[in-house]
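Chemist: 58 is the number of the first residue of the sequence shown in the working numbering; add one for each residue after it.
If you scroll down you'll find the structure; I have some questions about it.
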Amino acid sequence: MPVNKICCIGAGYVGGPTCSVIAMQCPDIRVIVVDKNKDRINQWNSDLLPIYETCSWPAAITLSEEPGLEKIVFCCRNRNLFFSTDIEAAIKEADLIFISVNTPTKIFGEGKGRAADMKYVEEAARTIATISTSSKIVVEKSTVPVKAAESISKVLRANQKAGVTFEVLSNPEFLSEGTAIDNLINADRVLIGHNDTPEGKDAFEDLCSIYTRWIPRDRIIGTNTWSSELSKLASNAFLAQRISSINSLTALCEITGADVSEVALAIGQDHRIGPKFLQASVGFGGSCFQKDILNIVYICECLSLREVAAYWQQVIDMNEYQKERFTKKIIETMFHSVSEKTLTIFGFSFKKDTGDTRESPSITVCKRLLDEGARLHIYDPKVFHEQIINDLVYATRDPEKVNKSVNIFSDPYTAANYSHAIVICTEWDEFINLDYSNIYYSMKKPAYIFDGRKILDHQDLSLIGFEVFTIGKRIDKPHVKITNGV
Ligand code: NAD
Ligand code: UDX
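Shown next, in the form of structure tokens:
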């Protein structure tokens, strides 16, 4: 069955960019992205595109630019790309429906703190079944637990109208924030899981025929549905595992005098290992890694695979350890107390080039420093001030303390003024070329820099006079040459 009309439920970080690229590559297909969040749809229909996230609490908005997204949306919008809140109409007319809703970690009930909350996926499936008057291909785009397609099929079958059938495919998304359009256009692979039935194979071919407009056929992988679902979780778990593995060596490097960047370079040259995702850091963040690994842990525990669960849990534990270790280092170095001292935090987003703060390591570091009585000056080029306050209030559960001890700044120099230390939590490029001599003179002495992302020139900073600390490398004091004229 040729696909002429596509509906995508969920106009978020995945649904918006993915469908914009489909609309651009397939001008003959009508693509409607729907969301129950009216504000989000209004923004997709405005000049200022939203890639914003709503937390369960507090309601928060983060604007974030995706290079290339604007051009595509402005070109296709109201031509063959539409953003709407009329979910029912879009479902009714679609041949193929992407479910691209959020699947956050459950915050209460069975599996709290680990299991994926599938309520939005289930809600979407129920709506599809209730509304549809013709047969559809339903594509699971959200990241879901393995076997979720079975639950979706069950909900669809139990509620479908006479004569209507549904074929469920799994087509997980691998884009990263900040590079979404490039990831979508030049995808390493497109993964499509399907039933091993004639209907399943037909549905697979139908979805394939959309992607092959711009993705070479040999990069499209067809698998069984469960392999596809598990591969998405496993892919994020493997990426996060690499970061935890390199981070696990940082303490050892600091004690022995080895340099973790040199170690990463040396091991990354081995083709079997490869150079990517070996950048040691204060820890990984973002909306996916932790959530998806916890999801694997929970599934394994439910299946009594205790050792497997413990293995993957260790990737998360190592990440927590790394964030804690970095913060402890700050406190120890500053004479075992940061109470009443002012620390300037450079960077609050979970990585550079995004305003997204979900699971940002900066939040954990700031919370710990606030617990120790520090005053914080925070500067991030992209994160909204209200977002920072909301995140810290949520983390500390102490609005009064946040109000009293946190100040947010719009430029890094004012932020650093009169502070005792600078703490780099996000690897924003602009932090590399700041005038650190100027900053040094405006700070209290001794002036400390803690580089949690390994982006600065530590030798230069030491020569300026800073006390410098970073991850995975001991910084030796510079030898200042004393010339006596002889
Ligand atoms: P998001 O929170 O940005 O967007 C989800 C949207 O779905 C929200 O706007 C919400 O209002 C809407 N929604 C929820 N239930 C709905 C319903 N019943 N009807 C209509 N709209 C509904 O989430 P996201 O970052 O786009 O992630 C979506 C999925 O993709 C998740 O499963 C995530 O794990 C996965 N994923 C995310 C990324 C990423 O980088 N953000 C990458 C790959 C995969
Ligand atoms: C991730 C996956 O990369 C993507 O494939 C998936 O679809 C969604 O989740 P994203 O969360 O956007 O993408 O960011 P990513 O670039 O993977 O970075 C995640 C975290 O790891 C960031 O906090 C980043 O700073 C950190 N990181 C990354 C490191 O600390 N070291 C590295 O070498 C790489």
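Built from N, CA and C at the ideal position, the CB exists for glycine as well.
It should be emphasised that the depicted structure is a prediction, and the values quoted were computed from it without experimental measurement.
Pull up the distance between the alpha-carbon of Ser396 and that of Glu429, whole angstroms please.
Modeler: Rounded to whole angstroms, Ser396 to Glu429 spans 6 Å at the Cα level.
Chemist: Assuming Gly279 contacts Phe261 under a Cβ cut-off of 8 Å, what Cβ separation, rounded to an integer in Å, is found between them?
Modeler: The Cβ separation is near 5 Å, so the contact holds.
Chemist: Please write down, chain order preserved, every residue whose beta carbon lies under 5 Å from a heavy atom of ligand 3.
Modeler: Only ligand 1 and ligand 2 can be found as ligands here, which leaves ligand 3 out of the picture.
Chemist: Can you look up Glu524 in the DSSP assignment and give me helix, strand or coil?
Modeler: In this structure, Glu524 counts as strand in the three-state DSSP scheme.
Chemist: Residue range of the beta strand (DSSP E) that Leu226 falls in?
Modeler: Segment 223-227, the beta strand (DSSP E) holding Leu226.
Chemist: By the 10 Å Cβ neighbour count, where 16 or more other Cβ atoms means buried, how is Gln347 classified, buried or exposed?
Modeler: With 16 or more other Cβ atoms within 10 Å, it is buried.
Chemist: For the alpha helix (DSSP H) containing Ile185, list its first residue and its last residue.
Modeler: Start and end: 176-188.
Chemist: Under the three-state reduction of DSSP, which class applies to His393: helix, strand or coil?
Modeler: Three-state result, His393: coil.
Chemist: Using DSSP bridges, identify the partner residues of Lys62.
Modeler: Lys62 pairs with Arg87.
Chemist: Any heavy atom of ligand 1 within a distance shorter than 7 Å of the CB on Val91?
Modeler: Yes, since a heavy atom of ligand 1 falls inside the 7 Å radius drawn around the Cβ of Val91.
Chemist: Rounded to the nearest angstrom, what separates His328 and Leu335 at their Cα positions?
Modeler: Distance between the alpha carbons of His328 and Leu335 is about 13 Å.
Chemist: Have a look at Pro74, Asp85, Asp104, Pro84 and flag the residue whose alpha-carbon is nearest the alpha-carbon of Val91.
Modeler: Looking at the Cα atoms, Pro74 is the closest of the given residues.
Chemist: If you reduce the DSSP assignment to three classes, tell me which class Lys193 lands in.
Modeler: Looking at Lys193 - three-state DSSP - the assignment turns out to be strand.
Chemist: Helix, strand or coil: which one does DSSP assign to Leu351?
Modeler: In this structure, Leu351 counts as helix in the three-state DSSP scheme.
Chemist: Find the nearest neighbour of Glu179 within the set Glu167, Ser191, Gly166, Ser157, judged by alpha-carbon distance.
Modeler: Residue Ser157 is the option with its Cα nearest to Glu179.
Chemist: Provide the residue(s) that pair with Ala478 in DSSP beta bridges, ordered along the chain.
Modeler: Ala478 is bridged to Leu400, Tyr505.
Chemist: Using C-beta distances below 6 Å, list every residue in its chain close to Phe139, excluding the 5 sequence neighbours before and after it, in chain order.
Modeler: These residues qualify, in order along the chain: Ile89.
Chemist: If you follow the alpha helix (DSSP H) that Arg299 is part of, which residue opens it and which one closes it?
Modeler: Here the alpha helix (DSSP H) through Arg299 covers 282-305.
Chemist: Is the closest heavy atom of ligand 1 to the C-beta of Ser199 under 7 Å?
Modeler: Yes, the beta carbon of Ser199 sits closer than 7 Å to at least one heavy atom of ligand 1.
Chemist: Regarding Ser77 and ligand 1, is the C-beta to nearest heavy atom distance less than 7 Å?
Modeler: Result no, Cβ not under 7 Å from ligand 1.
Chemist: Does the Cβ of Lys193 have 16 or more other Cβ atoms within 10 Å, making it buried, or fewer, making it exposed?
Modeler: So Lys193 ends up on the buried side.
Chemist: Alpha carbon to alpha carbon, what distance is there between Phe526 and Tyr497?
Modeler: Cα to Cα, the separation comes out at about 15 Å.
Chemist: I believe Val459 touches Leu449 by the beta-carbon criterion, under 8 Å. Please report the beta-carbon distance rounded to the nearest angstrom.
Modeler: At roughly 5 Å, the Cβ-Cβ gap stays under 8 Å, so Val459 and Leu449 are in contact.
Chemist: For Asn243, does the count of other Cβ atoms within 10 angstroms reach 16, so buried, or fall short, so exposed?
Modeler: Exposed is the call here.
Chemist: Could you check what DSSP says for Tyr266 in three-state terms: helix, strand or coil?
Modeler: The question names Tyr, but residue 266 in the sequence shown is Ser. Helix.
Chemist: For the segment 282-295 and the segment 509-522, state whether three or more C-beta atom pairs, one from each stretch, are separated by less than 8 Å.
Modeler: No, the segment 282-295 is not in contact with the segment 509-522.
Chemist: Taking the straight line between their C-alpha atoms, what separation do you get for Val422 and Ile532?
Modeler: Cα to Cα, Val422 sits roughly 21 Å from Ile532.
Chemist: Over what stretch of residues does the alpha helix (DSSP H) that includes Arg425 continue unbroken?
Modeler: Note, Arg425: alpha helix (DSSP H), 418-428.
Chemist: In this structure, does DSSP put Ile446 in helix, strand or coil?
Modeler: Of the three classes helix, strand and coil, the one that applies to Ile446 here is helix, per DSSP.
Chemist: Can you tell me the Cβ-Cβ gap for His442 and Ile465, rounded? I've got them flagged as a contact below 8 Å.
Modeler: His442 to Ile465, Cβ: 4 Å. Contact.
Chemist: Check for me: the alpha helix (DSSP H) holding Gly325 runs from which residue to which?
Modeler: Per DSSP, Gly325 belongs to the alpha helix (DSSP H) from 317-325.
Chemist: Can Asn94 be considered in contact with ligand 1, in the sense that its beta carbon sits closer than 7 Å to one or more heavy atoms?
Modeler: Yes.
Chemist: Please go through the same chain and pick out, in chain order, the residues whose beta-carbon is closer than 7 Å to the beta-carbon of Leu520, but skip the five residues on each side of it.
Modeler: Excluding positions up to five away in sequence, the list reads Pro535.
Chemist: Are the CB atoms of Ala172 and Val49 within a distance shorter than 8 Å?
Modeler: Since the displayed the chain opens at 58 and closes at 543, residue 49 lies outside it and no answer follows.
Chemist: Classify Glu110 as helix, strand or coil using the three-state DSSP reduction.
Modeler: Confidence at Glu110 is low in this model, with a pLDDT of 36, below 50, so its placement is unreliable and the value that follows should be read with caution. Correct three-state label for Glu110: coil.
Chemist: Along the chain, where does the alpha helix (DSSP H) that runs through Asn252 open and close?
Modeler: Element bounds for Asn252: n/a, residue is neither H nor E.
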